[in-house]
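Under the numbering used here, the first residue of the sequence shown carries the number 527, and numbering increases by one thereafter. Ideal Cβ placement from N, Cα and C applies to all residues, glycine included. Being a predicted model, the structure only gives us computed values, none of them experimental. Down below is the structure, laid out as structure tokens.
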Amino acid sequence: MELPEVVTRDEWREARLALLAEEKKLTHAKTAVDAQRRALPMVLVDKDYTLAGPDGPVGLADLFEGRRQLVIYHFMFDPAWDEGCVSCSAVTDSMGRLEHLHDQETTLALVSRAPLATLTAFRERMGWSVPWYSSHGSDFNYDFHVSNDAALAPVEYNYMDEATLRELGQEHFVSNEGHGASVFLREGDQVFHTYSSYGRGLEPLLITYHYLDLTPLGRQRHVSQFRHHDRYDGASGHSCH
527 MELPEVVTRD EWREARLALL AEEKKLTHAK TAVDAQRRAL PMVLVDKDYT
577 LAGPDGPVGL ADLFEGRRQL VIYHFMFDPA WDEGCVSCSA VTDSMGRLEH
627 LHDQETTLAL VSRAPLATLT AFRERMGWSV PWYSSHGSDF NYDFHVSNDA
677 ALAPVEYNYM DEATLRELGQ EHFVSNEGHG ASVFLREGDQ VFHTYSSYGR
727 GLEPLLITYH YLDLTPLGRQ RHVSQFRHHD RYDGASGHSC H
């Protein structure tokens with residue numbers, strides 16, 4: 527990769543101020559988009575989902591842990607795997623202290639289709655504290671379009687149908703696991719779905735990228751080239767595409 531030009535401090539400052547103006551435009555644009563996201567209409571979740579948690583079966587409302595908002599990260603973990611998606615693992619590494627979210631009436635949880643015992647073992651290996659639930663045997667993953675099986679439900683990923691996914695060369699999402707994030711709001715006994723995002727829409731959750739974006743060498747690897755944090759000796763596992 528070609529390194530930046532070497533210049534005087536005054537020349538650097540001039541270039542930095544020009545970039546700052548562009549950064550401000552991006553900040554203002556993000557503020558506007560965030561406002562549009564908050565204003566999205568919402569949909570009542572009227573299906574009863576049963577997920578597996580550490581204390582037994584739970585419904586979607588239970589995942590809120592008594593708070594008003596719930597963010598679910600759909601962690602890509604096929605029931606046949608013995609370890610989770612590498613890229614999803616990098617996202618989970620970035621989740622940090624959940625108390626900051628809890629103070630804002632928001633719960634963060636992971637949901638995957640692998641059996642709970644598999645998820646629990648991997649969670650302990652990774653040293654994570656974020657709550658993790660299994661949707662194994664449930665429609666949950668299919669209804670929120672992070673698992674695809676045409677025999678069970680119409681194929682859809684990132685708001686694209688099967689034909690569009692194939693046209694774009696994304697056949698791996700046609701009959702496979704995907705990753706995503708979904709947001710829910712609780713009003714009394716009712717739960718509403720307010721937002722879901724997939725693909726590169728999840729990049730804001732991958733903090734490593736944002737640090738690398740500040741550096742001259744930038745993102746030196748594609749997201750699929752991440753490794754589990756205990757395997758940076760050259761080994762790797764399943765990756766999100």
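Item, Value
"Local conformation of G763 per DSSP, three classes", "Bear in mind that a pLDDT of 48 at G763, under 50, signals an unreliable position, so the model cannot answer this."
"Beta-bridge partners of D687, as assigned by DSSP", "E682"
"Other residues of its chain near R571: CB distance less than 6 angstroms, five sequence neighbours each side excluded", "According to the sequence as given, residue 571 is Val; it is not Arg. Within the same chain, V571 has close Cβ partners V717 and H719."
"Own chain, CB closer than 6 angstroms to R594, minus 5 neighbours either side, in chain order", "E631 and R712"
"Cβ pair P742, P530 closer than 8 angstroms", "yes"
"Limits of the unbroken alpha helix (DSSP H) element including S613", "V612 to D619"
"Residues bridged to L577 (per DSSP)", "V584"
"Cβ contact check for the stretch 727–744 and the stretch 569–583: 3 or more pairs under 8 angstroms", "no"
"The stretch 606–619 in contact with the stretch 680–697 per 3-pair CB rule at 8 angstroms", "no"
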